[in-house]
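Some notes on the structure that comes next.
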Amino acid sequence: MLCIVKGVLKAIFLSNPPVSDGHSGVNIAKNLLGGIKPFNISNEMFQQQFTGHSYDGQYFSLNVPEELCILVGSSVEWTLPGWGGAHRLELVLGDTRKDKEGSVPLPTVAWYGNIPTIVSSQLAKVSYGKGYEEIRKIAAELQERLYNPARFCDTRFAQAERKVYLNFLRDWHIFQVRLQRRCEEFPGDGETKDLLKQLKEFEFVGLLMGLTDLLEHTQFLSLQLQTVNKLPWEQRQHMLEFETLFKFLLEELRATAHGAQRFPLHNMPYFADKLEEFKKGEFAGTGVRWFCTFSKLAW
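Read the sequence shown against the UniProt record's numbering and you will find it ends at 299, with the numbers running on by one and no gaps.
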C-alpha cells in the first residue's frame with residue numbers, strides 16, 4: 001500500500017494473499033481486500049481516502065479495478081486505476097521485438113527482434129563450459145578485460161537488456177578472435193563460419209551499437225518509472241521528455257540518412273566513440289563487412 005506522509009509517498013507492505021481460485025476479477029478483488037482486512041480499513045475509509053491503485057495488465061483484463069471499487073462502494077473514475085508505467089514500457093519493447101501483427105504496425109523494426117536471437121546464438125557457445133574457458137584464455141592473452149557474457153532474457157527490464165548488449169560489444173574482439181581461430185583449426189565447420197560472418201556483419205555491429213545507446217535512454221525512463229516516490233505527474237513528465245528525445249533522434253537520423261552533416265552524437269555516446277573507426281569499416285581494430293548473404297542467414 002502507498003500512503004502520502006508529509007507530501008512523500010511511503011510504501012507499506014501489508015500482506016501477501018494467495019492467488020484466488022478461478023482467477024476471476026471479483027475473486028481477486030476480494031483477495032486483495034482480504035489482505036488488508038486485519039488492519040481495520042473500513043469501506044467508509046476507502047470511500048474517503050482511496051485515491052489510486054496500480055495493477056499488471058492481466059488485472060485490467062479481468063476488470064479487477066472495477067470489481068474492487070464495487071466491493072468498497074467507490075467510483076472507478078475517482079480512484080484512478082493505473083497500469084505500472086515501467087511494466088507497460090517493457091511490454092512495448094517485448095511486443096516490438098516479437099513484431100506481433102496488429103500490436104506494433106512497424107515492419108521496419110523487425111531487426112530489433114533479430115538482434116537478441118543473434119546475440120544469444122553467439123553467447124550460447126561461450127557463456128559456460130569449454131567455450132567460456134576459451135574466451136578467458138584469449139582475454140588473458142590479449143590483455144583485455146572479459147566482461148560477463150550474460151545471456152539475453154526477454155522477461156528482464158531494459159537495464160538488463162542493455163547490459164547484455166554492452167558487454168557483448170565490449171567482448172566482441174575476444175569472440176572474434178576465438179571464432180577466427182576455430183575457423184582456421186576446423187575449416188570444414190560451417191556453423192562456426194556462419195557465426196563469424198554474423199559477428200563481423202557491418203549492419204549487425206552498427207545496429208547493435210545504436211540499440212545500446214537507445215536502450216540507455218529507455219533504461220533511464222524505466223528506472224524513473226520504477227521509483228516509488230515519483231508522483232503521477234512526475235512520471236508523466238519523464239514520459240513526455242522521453243517521447244520528445246526520440247522524436248528528435250528520429251528527425252536527426254532521417255536527416256543523416258539523406259546526407260545531412262549532422263548527427264545526435266551527444267545522445268548516442270557509445271556510437272559516437274566508435275564512429276570514426278566504424279566509418280573505415282572497422283570495429284575493435286578488426287574489419288567488418290557487409291556480407292551479401294547476411295539477410296538470408298539472419299535478418
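A virtual CB, placed ideally from N, CA and C, is assigned to each residue, including glycine.
What is the DSSP secondary structure of residue i, counted as helix, strand or coil?
i	result
Val76	helix
Phe46	helix
Pro81	strand
Val5	strand
Ile28	helix
Ser54	strand
Thr293	Confidence at Thr293 is low in this model, with a pLDDT of 41, below 50, so the placement of that residue should be treated as unreliable; the coordinate-derived value is given next. Correct three-state label for Thr293: coil.
Gly131	helix
Ser15	coil
Ala272	helix
Pick from the options: whose alpha carbon is nearest that of residue i?
i	options	result
Asn114	Val205, Phe46 and Gln235	Val205
Phe168	Cys153, Ala11, Asp189 and Leu146	Leu146
Ile138	Lys163, Lys230 and Ile174	Ile174
Thr210	Ala272, Glu133 and Glu141	What sits at residue 210 in the sequence shown is Gly, not Thr. Among Ala272, Glu133 and Glu141, the Cα nearest to that of Gly210 belongs to Ala272.
Find out if the Cβ-Cβ distance for the pair residue i, residue j is shorter than 8 Å.
i	j	result
Gln47	Gly85	no
Gln176	Thr79	no
Leu245	Asn267	yes
Thr212	Tyr270	yes
Glu90	Phe157	yes
Gln159	Gln219	yes
residue 383	Phe152	The structure shown has nothing for residue 383, since the chain only spans 1 to 299.
Leu199	Leu179	yes
Leu14	Ile36	yes
Trp83	Glu203	no
Ser121	Leu195	yes
Leu208	Tyr165	yes
Report the rounded CA-to-CA distance for residue i versus residue j, giving the unit in angstroms.
i	j	result
Val76	Asn148	47 Å
Pro283	Leu275	The residue you asked about is not Pro; residue 283 is Phe in the sequence shown. The alpha-carbon atoms of Phe283 and Leu275 are separated by roughly 9 Å.
Asp171	Gln235	35 Å
Leu277	Val288	Residue 277 is actually Glu in this sequence, not Leu. Taking the straight line from one Cα to the other gives about 11 Å.
His87	Asp189	43 Å
Leu62	Leu9	28 Å
Glu161	Lys30	37 Å
Cys3	Ala11	7 Å
Gln226	Arg181	45 Å
Met239	Gly94	18 Å
Gly131	Gly25	49 Å
Gly52	Val64	13 Å
Lys6	Gln49	15 Å
Asp56	Leu33	17 Å
Gly281	Leu68	60 Å
Lys98	Asn40	46 Å
Lys163	Tyr112	16 Å
Tyr59	Glu66	10 Å
From the DSSP output, read off the bridge partner residues of residue i.
i	result
Lys10	Cys3
Gly287	Glu282
Glu201	Arg289
Counting contacts by CB-CB distance shorter than 8 Å, is residue i in contact with chain C?
i	result
Val5	Protein chains in the displayed structure number just one, and chain C is not present.
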